[in-house]
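Read through the structure below, which is laid out as structure tokens, and then see the notes.
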Amino acid sequence: QATIDKVRHFFWDDDRFEGICLRAGDYGLRSPTIDITGIKGSSAFNSTDDRLADIADCLHAVCAVREAIQSCRYSSRVILKERFLPGFRDRMYVKELAPKLGRYSGDGYKALEERACLDFADIIEPKCA
Numbered sequence: 001q002a003t004i005d006k007v008r009h010f011f012w013d014d015d016r017f018e019g020i021c022l023r024a025g026d027y028g029l030r031s032p033t034i035d036i037t038g039i040k041g042s043s044a045f046n047s048t049d050d051r052l053a054d055i056a057d058c059l060h061a062v063c064a065v066r067e068a069i070q071s072c073r074y075s076s077r078v079i080l081k082e083r084f085l086p087g088f089r090d091r092m093y094v095k096e097l098a099p100k101l102g103r104y105s106g107d108g109y110k111a112l113e114e115r116a117c118l119d120f121a122d123i124i125e126p127k128c129a
């Protein structure tokens, strides 16, 4: 149950996957400024390099998540794509998923969603490596 909860939290909490997606597309780079005095500011770190590294890490994470979802079984893939990936407003309702998943009882969807979370958890770790 803890794994299922962590997967749901990863997708449904704005600070997690959605935040990673936003950081992957937010370049936030600044042009270098020329200082005619020749005196450089603090050289403790290079903020442009740090931002590029963060963007690259986020892009790799987004790719790993999408590849992991593509590697899941069909029902898990449908649930993850339609209920977990979209932002909160675009998330498909469970009743809208029924035609894509085939017949299932009310309890059946819950089991399918839990299996989708477990499938994702099993696959994402090797994809991240």
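Here the sequence shown stands for residues 1 to 129, where the numbers follow our numbering.
Backbone N, C-alpha and C fix where the C-beta goes; we use that ideal spot for every residue, glycine too.
What's the gap between the Cα of residue i and the Cα of residue j?
i: V7; j: L101; result: 20 Å
i: K110; j: D57; result: 33 Å
i: E113; j: I55; result: 31 Å
i: D119; j: S47; result: 38 Å
i: D143; j: A24; result: Coverage of the chain is limited to positions 1 through 129, which leaves residue 143 absent and any answer about it impossible.
i: L80; j: E125; result: 16 Å
i: F11; j: G108; result: 21 Å
i: T3; j: E82; result: 20 Å
i: P99; j: S75; result: 11 Å
i: K127; j: M92; result: 26 Å
i: C21; j: E67; result: 15 Å
i: R73; j: V94; result: 18 Å
i: F84; j: A53; result: 26 Å
i: Q1; j: L97; result: 23 Å
When you compare each of the options to residue i by their alpha carbons, which one comes out closest?
i: D122; options: A64, R83, I55, A98; result: A64
i: A129; options: D119, L118, H60; result: H60
i: R16; options: V62, A98, S47, C72; result: V62
i: S71; options: A116, C21, D13; result: A116
i: D90; options: I4, E18, E67; result: E18
Quick one: give me the first and last residue of the alpha helix (DSSP H) that residue i is part of.
i: A158; result: With the chain running from 1 to 129 in the structure shown, residue 158 is simply not present.
i: K81; result: No alpha helix (DSSP H) holds K81; DSSP gives it neither H nor E.
i: D5; result: 2-12
Exercise for the section: Please specify which runs of the alpha helix (DSSP H), each continuous and at least 4 residues long, are wholly inside the stretch 41-76, giving them in chain order. Expected result: As far as the stretch 41-76 is concerned, its whole alpha helix (DSSP H) runs of at least 4 residues are 47-71.
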